[in-house]
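Engineer: In this note's numbering, the protein residues as written are 15 to 289.
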DNA sequence: CTTTCGTCCTGACTGC
DNA sequence: TGCAGTCAGGACGAAA
C-alpha cells in the first residue's frame, strides 16, 4: 500500500544511497508486472549514472544521465531496498541493480501490481500513467479552491473521489481515511456537496497528514519498508485506519471507529465526529 | 463525460 | 498440523 508518503520516503532514502552513482549491472528477473517491462530496460540502465530523483503522486522517477528516466510504481506490495552485495537474493526480486561502491538495489514485488518502465526525458507529461494525474497535494498550488474545483460536479462519495488519482495525486486508502477524519467530513458525503470552508479544511488535512507521515518514514502495514529495511512508524499515529471498534481519539463516542465498505474498499471513520 | 465493477496477484490470516 | 477459503488493495479496462 505504498502511497505518497511511502514513495517519498523511498525517494529520500535513494537520494542518499544511490544519488550520483553509476549502475554497473542490471538484472531483470521477470518482466510480467502490471504492464510489461520494456525488454531493452536492462541494457539502457547499465553504465548510466543516477541523476535527479523525483516523485509524481505515487510514481518514483529516477533520471539517468543521457536522456532516460526510470519510472517505478510500487503497486500493492512493491518495495525497494538497498544493501550490500552480501544480501541474499529473495523471491520476487524482479529488478536488481548493482552500483559502483557495491550498493545493490532490489525491486521486490510479490503481487506484481507494480510497474517498472523506461521513458525519455520530456515524455513525462505524455506518459499514459502520468498524463492524467491530478495536482500534487504538497505543492503550493494545492488548496481548498483547487480541491473544490476538482470535486465539483462529482456525484461519487468524497472517499471514492479522494482515491481517484485525477482528483489529487498520491492518496490511497489509508491517507484518504485519515484525511477525512482530520477534516471531520463523513466519507459518505457526495464529493460535490462540500462547502468552500470544508474543501479548505480537507485540503489542509490532506497536506498535514501526508507531511506527518513522511516525517514518520511512512506507514508499515504488511509489505512496506524503508529502503534500509526499517519499518515506517506512522501506523502508530493512525486515528481510524484499521482501528474498527476502538475509541476515536478525538471524541468520547460509544461506538468508536466504524468500518464500512465503499466501492469494495474498507473505510474507517467516526460517525459522530465526521459529518 | 462519470461511475461502478471485475480483474490482476500472492501472502497472511481464519476456521475447520 | 494441514488445508481450503477469504481478504487486502492500486489502477486499468469494460460496461452502464
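C-beta atoms are modelled at their ideal positions from N, C-alpha and C, and glycine is treated no differently.
Please name the residue, chosen from 180, 272 and 64, that lies closest to residue 84 on a Cα-to-Cα basis.
Structural biologist: Considering only alpha carbons, the answer is 64.
Engineer: On the premise that residue 246 lies in contact with residue 20, defined as a C-beta separation below 8 Å, what is that separation, rounded to the nearest angstrom?
Structural biologist: With 8 Å as the limit, residue 20 and residue 246 qualify as a contact, their Cβ atoms being about 7 Å apart.
Engineer: When you compare the stretch 150 to 170 with the stretch 117 to 126, are there three or more beta-carbon pairs, one atom per stretch, that lie closer than 8 Å?
Structural biologist: No, because fewer than three Cβ pairs between the stretch 150 to 170 and the stretch 117 to 126 fall closer than 8 Å, the two stretches do not touch.
Engineer: Can you tell me whether DSSP reads residue 209 as helix, strand or coil?
Structural biologist: In the structure shown, residue 209 sits in coil (DSSP, three-state: anything other than H, G, I, E or B).
Engineer: What does the alpha-carbon distance come out to for the pair residue 74 and residue 282?
Structural biologist: Each residue's alpha carbon lies about 28 Å from the other.
Engineer: Would you report the Cα separation of residue 40 and residue 50, rounded to the nearest angstrom?
Structural biologist: Whole-angstrom Cα-Cα distance: 17 Å.
Engineer: Would you list, in sequence order, the uninterrupted beta strand (DSSP E) runs of no fewer than 3 residues that lie entirely inside the stretch 62 to 99?
Structural biologist: Segments of the beta strand (DSSP E) lying fully in the stretch 62 to 99: 64 to 70, 73 to 78, 82 to 87 and 93 to 97.
Engineer: Evaluate contact between the stretch 137 to 145 and the stretch 194 to 207, counting only Cβ atoms and requiring at least three cross-stretch pairs below 8 Å.
Structural biologist: Verdict: no, contact absent.
Engineer: In three-state DSSP terms, what is residue 41?
Structural biologist: In the structure shown, residue 41 sits in a strand (DSSP, three-state: E or B).
Engineer: Can you list, in chain order, the residues of its chain whose CB lies under 6 Å from that of residue 110, leaving out five sequence neighbours each side?
Structural biologist: Answer for residue 110: 41 and 120, listed in chain order.
Engineer: Per DSSP, which residues does residue 122 bridge with? Please list them.
Structural biologist: Its beta-bridge partners are 93 and 107.
Engineer: When you compare the CB positions of residue 241 and residue 31, do they come within less than 8 Å of one another, or not?
Structural biologist: Yes, the Cβ-Cβ distance between residue 241 and residue 31 is below 8 Å.
Engineer: Give the range of the beta strand (DSSP E) segment to which residue 274 is assigned.
Structural biologist: Segment 272 to 276, the beta strand (DSSP E) holding residue 274.
Engineer: Are residue 95 and residue 231 close, meaning C-beta to C-beta below 8 Å?
Structural biologist: Contact flag unset, no.
Engineer: Tell me, please, whether the stretch 176 to 194 touches the stretch 206 to 214 by the rule of three or more beta-carbon pairs shorter than 8 Å.
Structural biologist: The stretch 176 to 194 vs the stretch 206 to 214: no contact.
Engineer: Classify residue 169 as buried or exposed, calling it buried when 16 or more other Cβ atoms lie within 10 Å of its own Cβ.
Structural biologist: By the 10 Å Cβ count, residue 169 comes out exposed.
Engineer: Does the structure place the stretch 188 to 195 close enough to the stretch 253 to 264 that three or more beta carbon pairs sit under 8 Å?
Structural biologist: Yes, they touch.
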